[in-house]
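Have a look at the structure below before the remarks.
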Amino acid sequence: MRSFITRIATSDDLPRILEIYNQGIEDRIATLETETKNWSYIEHWFSDHQGRYAVLVAEADNNVIGWAALNPYSHRCAYKGVADLSIYIDRQFRGKGVGSTLLQSVEEVARENDFYKIVLFTFPFNEKGQGLYRKTGYREVGVYEKQGIMDGQFIDVMIMEKLLF
């Protein structure tokens, strides 16, 4: 794979962030969302992801090929050091090291912003995603049974976590 960099996202990245997120929705492997999102949605989402709750992108040849975001785990002050992770990779670049690099970068940003733990939610059938997370130090905490409904079917959701220090 050609080389790529990671950096903090800017509003110029939103078209590709939206496109990659919609791929994740269409592929049914990373989110319980079933309807693709529009420009208004992504603009509002991005305005909520400033400061501590950063969005990072992976970029190759001036093209965004993946992104990761730190999200609030809870708005209760006791959980201010815990972030919820979102990560999406363009279909063409999955399995090529982009996810590992983005995870490393987003964890650095999380530490800089006083997060001590990252949690994530994945599907038990997303074995490639779980492999990536385990390889980078995440552990399975448990599975919420019938946590959501996607395409008329109950879906279990696995919780994973990583302590940053």
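Residue 1 is where the sequence shown starts when you use full-length UniProt numbering, and the numbers rise one by one after that.
The beta carbon of each residue, even a glycine, is placed where N, CA and C say it ideally should be.
- For Arg139 against Glu161, the beta-carbon gap comes to about 6 Å, under 8 Å, which counts as contact.
- For Val157 and Ile42, the gap between their C-alpha atoms comes out near 24 Å.
- Non-local C-beta neighbours of Arg7 in its own chain, meaning closer than 7 Å and more than five positions away in sequence, comprise Leu56, Val57 and Glu59, ordered along the chain.
- If you look at Arg139, you'll find it in the beta strand (DSSP E) that goes Arg139 to Met150.
- Residue pairing for Tyr21: DSSP places it in no beta bridge.
- By alpha-carbon distance to Ala69, the top candidate from Asp27, Ile20 and Phe4 is Ile20.
- In this structure Glu35 is exposed. Its beta-carbon is surrounded by fewer than 16 other beta-carbon atoms within 10 angstroms.
- With respect to the 9 Å criterion, Phe125 and Ile29 are classified as neighbours on the basis of their beta carbons.
- The shortest CA-to-CA distance from Asp61 to any of Tyr79, Ser3 and Pro72 is the one to Ser3.
- For Tyr144, the closest of Phe123, Phe46 and Glu112 by C-alpha to C-alpha distance is Phe123.
- Ranked by Cα distance from Leu103, the first of Arg111, Ser40, Thr136 and Ala78 is Thr136.
- Inter-residue distance for Phe93 and Cys77 is about 37 Å (C-alpha atoms, whole angstroms).
- With distances taken between CA atoms, Gln153 lies nearest to Glu33 out of Asp84, Tyr116, Ser40 and Glu33.
- In terms of CA proximity to Ala83, Phe115 leads the group Phe115, Gly66, Gly99 and Ile65.
- Spanning the alpha carbons of Glu112 and Ser105 requires a straight line of approximately 11 Å.
- Taken in chain order, the whole beta strand (DSSP E) runs of length 3 or more contained in the stretch 49–86 are 55–60 and 63–72.
- Taking all protein chains in view, the Cβ of Ser86 is crowded by 16 or more other Cβ atoms within 10 Å, so the residue is classified as buried.
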